[in-house]
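Enquirer: Going from the sequence shown to the numbering used here is simple: count from 1 and add 358. Starting off with a structure, shown below.
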Amino acid sequence: MKCVITEKKSVAEGVAKIIGATTNKGDYYEGNGYIVTWCQGHLVTLKLPNEYGDEWGAPWSEEQLPMIPKKFKLKTISQSYNRYKVVSELIKSNCVDSLIEATDAGREGELIFRLVYYYSGCRKPFQRLWINSMQDSDIRTGFKNLEDGRKFDTLYYAAKARQESDWLYGMNLSRLFSLKYHEPMSYGRVQTPTLKMIVDRYEENKNFKKTFTYQNVASFHGVSFTENESHEKKEDANQVCLRVQGKNMIVKNVVIEGKKTMPPKLFDLGALQQEANKKYGFTANQTLELTQELYEKKFVTYPRTDSRYLNASMEKDVIQQVYSLQKISRQFAQYAFTPNFKRCIDDTKVSDHHAIIPTLDFTIGKVNAKNLSQNELKILNLITTRFVAAAAEPYTYNSCKVETESEGVSFHANAKKETYKGWKQLEQEILDDDAKKEDAEESPKLFLLKKGMHFIPEKVEVKEIESKPRPLFTEASLLKAMENVGAKELKGNDEVERYGLGTSATRAGIIEELIHKGYVERKKKSLAPTTKGIYLTQCIPENLLKPDMTIQWEERMANIKNGRDNYDAFLQDVENEIKNIINEYKNKTFQKREIESTVIGKCPYCGAGEIIKKNTKKGVFYICSNHTNDEKSTCDFIISNSMKYFDNSIAISDARLKTLLEDKEITATVNGQKGEYKAKFKLKKNGKWFNLERTGYAESKKSTGGSYKVNYKSNGKKGYGKKRLY
């Protein structure tokens, strides 16, 4: 009998159905010579330093450093122990002859399986299932083409090297800097450079000194002609204005060109997260979880992908999928065109997984969207619309550039005239995307001008132009910046699996971790560093704040995967670097900083004290000034800036706390047994402790009939109502 190990239960269910393991045994499926079980993500991880023995336990001291295990030890993740026990007993069972590794096809999926395999002591032969989607046809094809698991050893060693080197840097440097600066500090190879990016943008924005420049603008019959030169002094611009006022303006040149904008690329996870953040305000983590749900329900292909391209072998199938969508969807039926995916096909730009697209099962109507949540429908609509738009015809327009002159002063004007909407019509009308709408005919009279014509402008005035700072990062712009780290350095190295800070699958978690640790906070749609976050970046050496190490590591990961580098050499280099950093700091001493406090307002519980926000060694807390840690305390009020609600951590900002203290509700997105939803909460006192109590839902968990409210166009008029998605 063969035992199949998947990453999640939903994947196990899909695989079991296809291969005939139809008997549900509770913790696994059985039948047709197969047992199918699942891992539920990582079940096994590396032990923490204190779990190696007293040598690296509390209290911390510099004499313990560096902490370099002779051999890294593994342990089960406590909350996943029961699942690990099921999987390990099944794979070691006497009735199982061999295994099939069906975890996600990538570096992390490989690591999930191998850690369970080795920690359990299993040594049975195994094969590898490598597929891009959970649709039935792909699973069948994958099982017909199973590969020897040992073929993927180098992929495992690349994953193992990444995991253990991150441990060495994180554990050693977090302890080193915590000891040196006398307060808890968390260092991460990806986390800390990401924080530095947020801090730098914040400081740049805060310290920005605005400047003004001045340009003349001449108007004639609704067309604006802008002076080519800008002036630092308003007086100089005024002199030019007086010189050309009421004088002839001659058309020196007219250039009219036909231009086109090609369809956008398909989504990888990062691009999808950015689009969902801009359009719906979804966090990166929300988008990942929603897309994962859609993948497991067989609506879309594998989400954790860094590719925006498809394999050449898929071309005929995806063309048919577009035709199928035009048949089953009212939205796409009105757009008749011949799909062309040539720009989306490139085998060299597909590594583990291709771009995120709708599955064949969905496009032929085999799975129905009517029971999806509203947020799932929004993500599905984004993916499906982009899939069709990517194969649509280009957007075309005529551009007109006119150069004029008056009294020796040069002016210019630009206009465009739309000739064919093409792919933009899809994204504008289906998604009602105002952000992407172009002025169809800006200054149409400009197209009437000819070289040599002259006219007297009706008005000439000086326009003041104020310089603007770059805005704070939003999740969308931060994801883009993280994604582009190393793009220049690694461009052309096709063997590098990925560049950027983190991966498409981990960037969302990195942002959430920075917020959870109190280094970053959300301010409306923006991300800003806290005082604690700024201080951390001031303490860490500059070379450890740069993303250079990630760039170098990814190159070496690629070489390990391809057999041109090896795990042992890489780990030895990392160990030497850790030793050098610790030796550099050995004789350095630093003053303990004073922890600052912020007054939030009056305490409504005791009526006398003030609620104070304190950055403590253990994190950020809101504490009543009458609270003490002894029997003399006259107020019990103390809460963290991250409060627990079952397995969820809900961030408490100053604004949220003020709302709670007024006995009002806050809204937060949480995960329940049936998925993600928005809920309303109030602060409730239980004995001496304060907790969040759910008071209701902010929106329905499920939509009705697979629709949600959108703006739509009918006969040229904008209305508001329900529009059927699929």
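The beta-carbon is built from N, C-alpha and C at its ideal position, and this holds for glycine as well. Every value quoted in this text rests on a predicted model; they were computed, and no experiment measured them.
Report the option in Lys502, Cys982 and Gly391 whose CA atom is closest to the CA atom of Gly967.
Expert: Cys982
Enquirer: When the Cα atoms are used, what is the spatial distance from Glu841 to Asn987?
Expert: 46 Å
Enquirer: By Cβ distance below 6 Å, which residues in the same chain neighbour Val557 in space, the five residues on each side in sequence not counted?
Expert: Pro887, Ile892 and Thr895
Enquirer: Please classify Tyr1103 as buried or exposed, where buried requires at least 16 other C-beta atoms within 10 Å of its C-beta.
Expert: Because residue 1103 is not part of the residues shown, which for the chain are 359 to 1084, the question remains open.
Enquirer: Does the beta-carbon distance from Tyr539 to Phe948 come in below 8 Å?
Expert: yes
Enquirer: Which residues share a DSSP beta bridge with Leu885?
Expert: Arg880
Enquirer: Which word fits Cys599, buried or exposed, when buried means at least 16 other C-beta atoms lie within 10 angstroms of its C-beta?
Expert: Burial state of Cys599 is buried, judged by a 10 Å Cβ sphere holding 16 or more other Cβ atoms.
Enquirer: From what residue to what residue does the alpha helix (DSSP H) around Cys599 run?
Expert: Here the alpha helix (DSSP H) through Cys599 covers Lys592 to Val602.
Enquirer: Quick check on the burial criterion: 16 or more other C-beta atoms within 10 angstroms. Buried or exposed for His589?
Expert: buried
Enquirer: Cβ of Lys428 within 8 Å of Cβ of Gln398?
Expert: no
Enquirer: So, helix, strand or coil for His812, using DSSP?
Expert: strand
Enquirer: State the DSSP-derived secondary structure class of Pro802, mapped to helix, strand or coil.
Expert: helix
Enquirer: Taking all protein chains shown into account, do 16 or more other C-beta atoms lie within 10 angstroms of the C-beta of Phe583, making it buried, or fewer, making it exposed?
Expert: Buried, by the Cβ-count rule.
Enquirer: Measure the beta-carbon distance from Val402 to Ile435 and round it to whole angstroms, keeping in mind my assumption that it falls under 8 Å.
Expert: 7 Å
Enquirer: Could you tell me whether the Cβ of Glu541 comes closer than 8 Å to any Cβ of chain B?
Expert: Of the chains in the structure shown, none is chain B; there is only one protein chain.
Enquirer: Kindly confirm or deny that the region 894–910 and the region 488–504 touch, where touching means at least three C-beta pairs closer than 8 Å.
Expert: Contact fails: fewer than three Cβ-Cβ distances are below 8 Å.
Enquirer: Checking the sheet assignment: what are the DSSP bridge partners for Asn973?
Expert: Val978
Enquirer: Spatial neighbours of Leu804 within its chain, please: CB distance less than 7 Å, with the 5 preceding and 5 following residues excluded, ordered by chain position.
Expert: Within the same chain, Cβ atoms closer than 7 Å to the Cβ of Leu804 are found at Val581, Cys758, Val760, Ala771 and Ala773, the five residues on either side in sequence being excluded.
Enquirer: Classify His711 as buried or exposed, calling it buried when 16 or more other Cβ atoms lie within 10 Å of its own Cβ.
Expert: His711 comes out buried.
Enquirer: What are the start and end residues of the alpha helix (DSSP H) that includes Arg486?
Expert: Residue range Phe484 to Arg486 is occupied by the beta strand (DSSP E) that includes Arg486, with no alpha helix (DSSP H) assigned at that position.
Enquirer: List the whole-angstrom C-beta distance separating Val548 from Leu859, where the pair is believed to meet the contact cut-off of C-beta under 8 Å.
Expert: 5 Å
Enquirer: Skipping 5 residues on each side, what residues in its chain have a beta carbon closer than 6 Å to that of Ser764?
Expert: Val602, Lys605 and Met607
Enquirer: Return the chain-ordered list of same chain residues with a C-beta closer than 6 Å to the C-beta of Ile997, the five sequence neighbours on each side being excluded.
Expert: These residues qualify, in order along the chain: Tyr980 and Phe1048.
Enquirer: Rounded to whole angstroms, how far is the Cβ of Lys509 from the Cβ of Leu469, which I believe are closer than 8 Å?
Expert: About 16 Å separates the two Cβ atoms, so there is no contact after all.
Enquirer: Is it true that the region 631–643 meets the region 822–839, where meeting means three or more beta-carbon pairs spaced less than 8 Å apart?
Expert: yes
Enquirer: For Ser478, count the other beta carbons within 10 Å of its own beta carbon; 16 or more makes it buried, fewer makes it exposed. Which is it?
Expert: buried
Enquirer: Which residues does DSSP list as the beta-bridge partners of Met1001?
Expert: Within the DSSP bridge table, the entry for Met1001 names Ile1008 as partners.
Enquirer: Based on Cα-Cα distance, which residue from Phe1039, Glu871 and Arg828 lies nearest to Asn563?
Expert: Arg828
Enquirer: Give the single residue among Cys361, Leu553 and Phe720 whose Cα lies nearest to the Cα of Leu683.
Expert: Phe720
Enquirer: Only counting the same chain, and skipping five residues up and downstream in sequence, which positions put a Cβ closer than 8 Å to that of Arg1052?
Expert: Tyr1003, Ala1037, Lys1038 and Phe1039
Enquirer: How about Leu537 and Trp418: do their beta carbons lie closer than 8 Å?
Expert: yes
Enquirer: DSSP has Glu1020 in a bridge; who is on the other side?
Expert: DSSP output for Glu1020 lists no bridge partner at all.
Enquirer: For the putative contact between Phe305 and Leu513, defined by C-beta atoms under 8 Å, what is the C-beta separation to the nearest angstrom?
Expert: A question about residue 305 goes unanswered here, because the residues of the chain that appear run from 359 up to 1084.
Enquirer: Under a three-way DSSP split, which group does Gly1054 fall into?
Expert: Per DSSP, reduced to three states, the secondary structure at Gly1054 is strand.
Enquirer: Please go through the region 741–776 and give each complete beta strand (DSSP E) segment of 3 or more residues, from N-terminal end onward.
Expert: 753–764
Enquirer: With DSSP collapsed to three states, give me the class of Ala379.
Expert: coil
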